[in-house]
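Residue numbers (this note's numbering): 654 to 905. We treat Cβ as the ideally placed atom computed from N, Cα and C, and that holds for glycine.
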Ligand code: 13P
């Protein structure tokens, strides 16, 4: 089983000074444990300050988005090369808020995954169905389509650098997390899809669950061998709950 991975997606929260306070609080509470890997994804503007504080620690740094282009006339965008230069190891790609609020389609997400890999950034590739899709029995076809388009053309060695995050849209920010059974069922389907399309050990791929993860429900989620960690939103903005989730992930 891959090492558990806990990523805090700060979304559009925290100024630079607030980000520094949160990181200092996390560092004061968190005792690094080799059984779990931790990363934070602050907003672009706080990346440099956070990179500086995390440099002597084992905690990883992720960006929340990236442009697929290297450089040029792309106002408002940030390239993979720039994120590498800032010290990011990871980048979240295809988050449902990017897909649904900012119009990112499967093709854009596909290009971003390729660009990130090309520059040595590890994508955290988010997929997930909407409530109406789940209720009409389309969860598996939606997930499969997102995987097919996002991962198209990748080789097995590329895939081994990717973390997949299953984030059902209906569970994000609603306080209504998927049950361990619901998440396990989709994670199993994701692994079967990978086994069917690539010659590799799909068991080695990290598949995180995201959507209303808290210190209260983390233990139940991590009991499933299919759930290799969490992409945490709201609960990562509080040092105590974020560190608690990391500690639960470090337990057997
Ligand atoms: P919440 O944990 O706030 O539901 O957010 C989940 C998420 O979108 C993480 O990327």
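How about residue i: is its Cβ closer than 7 Å to a heavy atom in the ligand 13P?
{"i": "residue 698", "result": "no"}
{"i": "residue 780", "result": "no"}
{"i": "residue 888", "result": "yes"}
{"i": "residue 884", "result": "yes"}
{"i": "residue 863", "result": "yes"}
{"i": "residue 866", "result": "yes"}
{"i": "residue 820", "result": "yes"}
{"i": "residue 748", "result": "yes"}
{"i": "residue 825", "result": "yes"}
{"i": "residue 718", "result": "no"}
{"i": "residue 906", "result": "The structure shown does not extend to residue 906, since the chain is modelled only from 654 through 905, so no value can be given for it."}
{"i": "residue 870", "result": "no"}
{"i": "residue 662", "result": "yes"}
Assign residue i to buried or exposed, taking buried as 16 or more other Cβ atoms, counted over all protein chains shown, within 10 Å of its Cβ.
{"i": "residue 674", "result": "exposed"}
{"i": "residue 876", "result": "exposed"}
{"i": "residue 728", "result": "exposed"}
{"i": "residue 755", "result": "exposed"}
{"i": "residue 655", "result": "exposed"}
{"i": "residue 758", "result": "exposed"}
{"i": "residue 717", "result": "buried"}
{"i": "residue 677", "result": "exposed"}
{"i": "residue 667", "result": "buried"}
Looking at the unbroken beta strand (DSSP E) that takes in residue i, where does it start and where does it end?
{"i": "residue 702", "result": "Run containing residue 702: none in the beta strand (DSSP E); it sits in the alpha helix (DSSP H), 700 to 707."}
{"i": "residue 882", "result": "882 to 885"}
{"i": "residue 772", "result": "Premise fails: residue 772 is in no beta strand (DSSP E) and is neither H nor E."}
{"i": "residue 658", "result": "657 to 662"}
{"i": "residue 786", "result": "Run containing residue 786: none in the beta strand (DSSP E); it sits in the alpha helix (DSSP H), 784 to 788."}
{"i": "residue 677", "result": "Note, residue 677: premise wrong, no beta strand (DSSP E); alpha helix (DSSP H) at 669 to 682."}
{"i": "residue 690", "result": "689 to 694"}
For the alpha helix (DSSP H) containing residue i, name the first residue and the last one.
{"i": "residue 837", "result": "833 to 850"}
{"i": "residue 902", "result": "892 to 903"}
{"i": "residue 801", "result": "792 to 803"}
{"i": "residue 754", "result": "749 to 754"}
Any 3 or more C-beta pairs closer than 8 Å across the segment 679 to 686 and the segment 740 to 751 | no
Report yes or no: do the segment 842 to 861 and the segment 894 to 902 share at least 3 C-beta pairs separated by less than 8 Å?
-> no
Would you say the segment 887 to 896 touches the segment 843 to 850, given that touching needs at least three Cβ pairs under 8 Å?
-> no
Could you tell me whether the segment 716 to 734 touches the segment 763 to 778, where touching means 3 or more Cβ pairs closer than 8 Å?
-> yes
Is there contact between the segment 761 to 769 and the segment 834 to 847, where contact requires at least three CB pairs shorter than 8 Å?
-> no
Inter-stretch contact (C-beta, 8 Å, three-pair minimum) for the segment 686 to 697 and the segment 657 to 671 = Taking 8 Å as the limit for Cβ pairs, the verdict is that the segment 657 to 671 does touch the segment 686 to 697.
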